[in-house]
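Peer 1: Got a structure here, written out as structure tokens. Questions coming.
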Amino acid sequence: MIVSMRADASDEETERVLALLRGDGYELHAIRDAGPMAIGINGKPVDADLRVMLCDLPGVSHVHQSKVPYKLASRAVRPGGTIVKVGLAEFGGSKPVIIAGPCAVESRDQVLRTAEQVRESGGVMLRGGAFKPRSSPYSFQGLGQDGLEILAEARARTGLSVVTEVLEPEQVELVAEFSDMLQIGSRNMMNVPLLRRAATSGKPILLKRGFASTIEEWLLSAEYILAEGNDQVVLCERGIRSFDPATRFTLDLNAVPLVKELTHLPIIVDPSHGTGRRELVASMSMAAIAAGAHGLILEVHDDPDNALCDGPQSITADALAEIVTRCAAISSLLSPLATLVA
Ligand code: PEP
Ligand code: MN
Numbered sequence: 000m001i002v003s004m005r006a007d008a009s010d011e012e013t014e015r016v017l018a019l020l021r022g023d024g025y026e027l028h029a030i031r032d033a034g035p036m037a038i039g040i041n042g043k044p045v046d047a048d049l050r051v052m053l054c055d056l057p058g059v060s061h062v063h064q065s066k067v068p069y070k071l072a073s074r075a076v077r078p079g080g081t082i083v084k085v086g087l088a089e090f091g092g093s094k095p096v097i098i099a100g101p102c103a104v105e106s107r108d109q110v111l112r113t114a115e116q117v118r119e120s121g122g123v124m125l126r127g128g129a130f131k132p133r134s135s136p137y138s139f140q141g142l143g144q145d146g147l148e149i150l151a152e153a154r155a156r157t158g159l160s161v162v163t164e165v166l167e168p169e170q171v172e173l174v175a176e177f178s179d180m181l182q183i184g185s186r187n188m189m190n191v192p193l194l195r196r197a198a199t200s201g202k203p204i205l206l207k208r209g210f211a212s213t214i215e216e217w218l219l220s221a222e223y224i225l226a227e228g229n230d231q232v233v234l235c236e237r238g239i240r241s242f243d244p245a246t247r248f249t250l251d252l253n254a255v256p257l258v259k260e261l262t263h264l265p266i267i268v269d270p271s272h273g274t275g276r277r278e279l280v281a282s283m284s285m286a287a288i289a290a291g292a293h294g295l296i297l298e299v300h301d302d303p304d305n306a307l308c309d310g311p312q313s314i315t316a317d318a319l320a321e322i323v324t325r326c327a328a329i330s331s332l333l334s335p336l337a338t339l340v341a
């Protein structure tokens, strides 16, 4: 069962609810950073009397029995949605957040130059992998800590916040020290020790969908993070594996409106990995925004044919600027519609 507190509930009111439940021996998982507090109650069934008592307590907005296994992630917990703030970026608001940068940090010059271009194009966050989860052990694996230092320098120079991937639980502290948001990649979506450790870093988390994972599995992975008390989670649809090798993956845009119905967490789209082909990235970026995505993450490279990682799907800075302009136009058309539908 979930107890959702009102946005204006006082600390005392919240503490009274927590103390009552703790006193009754329930196992509690609470989230509160990015919106009103929600308390998940586990361990034993909640009887009708306790439920009525909870509903009557000051500060309580509503109490409900979750019908889905991802209890804290379920939309019913925060029908108004969760806003995840990372520097100037606000995921879940009306303005799409554009994250862009190279697949991998290759050199200081490359990242500093690309970061300037991202900022000039209207991006608000910089991406770039310092630790790369490559399919082959012989491919470029990233610059590691040197790469993180380069990203931090780019942030200091441009004001862009940085998101970068963390591969192992033992790396969480290091990556968190140099970045503003931790990326958990497709291949690690179900790495439970990593989900738990990243959650307790206190950083916002970009959780990519496993390319062979169902939406329910994806939301349960998000639930691992929420259950640790970290509700600053942004989901990222990045394409799933289908039968057709014509594109690298199949970008599942069904996921965008569906996930918005199922969860209060924001969702962005990665058309770079979703298509694997740079000539498709602009179209699928616009489609993602039209479908209601809260933002995009795009791979940008100024010499894509010689990129050390994911060149075929990397776009130029000029293409990025065009995508940002078009997506802003599409998004401005959507807002009144969203209000009407809601
Ligand atoms: C990436 O963002 O560069 C990446 C490796 O993404 P994914 O985990 O979606 O493959
Ligand atoms: Mn990549």
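Here the sequence shown is numbered in numbering that gives the first Met the number 0, starting from 0 and rising by one per residue. Ideal Cβ placement from N, Cα and C applies to all residues, glycine included.
1) Mind reading off the beta-carbon distance from ILE82 to PHE90? Whole number of angstroms is fine, and I expect it under 8 Å.
2) Apart from the five residues on each side of it in sequence, which residues of its chain come closer than 6 Å, Cβ to Cβ, to GLY275?
3) Kindly give me the distance between the Cβ atoms of LEU307 and PHE177, rounded to whole angstroms, as I take these residues to be in contact under 8 Å.
4) Quick check on the burial criterion: 16 or more other C-beta atoms within 10 angstroms. Buried or exposed for ARG21?
5) Looking only at C-alpha atoms, which of GLY238, ARG237, ALA197 and PHE210 sits nearest to GLU222?
6) Does chain C have any CB closer than 8 Å to the CB of LEU219?
7) Report yes or no: do the stretch 292 to 309 and the stretch 101 to 109 share at least 3 C-beta pairs separated by less than 8 Å?
8) Could you check what DSSP says for SER73 in three-state terms: helix, strand or coil?
9) In whole angstroms, what separates the C-alpha of LEU17 from that of CYS54?
10) Taking the alpha helix (DSSP H) that ILE149 falls in, what are its first and last residues?
11) Would you say SER160 touches ligand 1, meaning its beta carbon is less than 7 Å from a heavy atom?
12) Can you give me the C-alpha to C-alpha distance between GLY294 and ILE322, rounded to a whole angstrom?
13) Count the other C-beta atoms from every protein chain shown that fall within 10 angstroms of the C-beta of PHE130, then say buried if there are 16 or more, exposed otherwise.
14) Roughly how far, in whole angstroms, is the beta-carbon of ALA254 from the beta-carbon of GLU236, given that I think they are within contact range, below 8 Å?
15) In chain order, which alpha helix (DSSP H) runs of at least 4 residues are fully inside the stretch 84 to 132?
16) CA-CA distance, LEU252 and MET52?
17) Where does SER331 land, buried or exposed, given buried means 16+ other C-beta within 10 angstroms?
18) For the stretch 16 to 63, which segments carrying the alpha helix (DSSP H) assignment without a break, of at least 4 residues, lie completely within its bounds, in sequence order?
19) Tell me, please, whether the stretch 117 to 133 touches the stretch 160 to 170 by the rule of three or more beta-carbon pairs shorter than 8 Å.
Peer 2: For this structure:
1) Yes, ILE82 and PHE90 are in contact; Cβ-Cβ is about 7 Å, under 8 Å.
2) Once the five neighbours on either side are set aside, the close Cβ partners of GLY275 are THR246, ARG247 and GLN312.
3) With 8 Å as the limit, LEU307 and PHE177 do not qualify as a contact, their Cβ atoms being about 20 Å apart.
4) Counting the other Cβ atoms within 10 Å of the Cβ of ARG21 gives fewer than 16, which makes it exposed.
5) Nearest to GLU222 by alpha-carbon distance, out of GLY238, ARG237, ALA197 and PHE210, is ALA197.
6) Of the protein chains in this structure there is only one, and it is not chain C.
7) As far as the Cβ criterion goes, the stretch 292 to 309 touches the stretch 101 to 109, which means the pair count is three or higher.
8) Reduced to three states, the DSSP call for SER73 is strand.
9) For LEU17 and CYS54, the distance between alpha carbons rounds to 13 Å.
10) 144 to 157 is the span of the alpha helix (DSSP H), which, as asked, contains ILE149.
11) No; taking the cut-off as 7 Å, the Cβ of SER160 has no heavy atom of ligand 1 nearer than that.
12) If I take the Cα positions, the gap works out to 12 Å.
13) By the 16-neighbour rule on beta-carbons within 10 angstroms, PHE130 is buried.
14) Contact annotation, ALA254 with GLU236: C-beta distance approximately 5 Å; criterion of less than 8 Å satisfied.
15) Runs found: 107 to 120.
16) Those two C-alpha atoms are separated by around 42 Å.
17) Exposed is the call here.
18) List check, alpha helix (DSSP H) in window: 47 to 55.
19) Taking 8 Å as the limit for Cβ pairs, the verdict is that the stretch 160 to 170 does touch the stretch 117 to 133.
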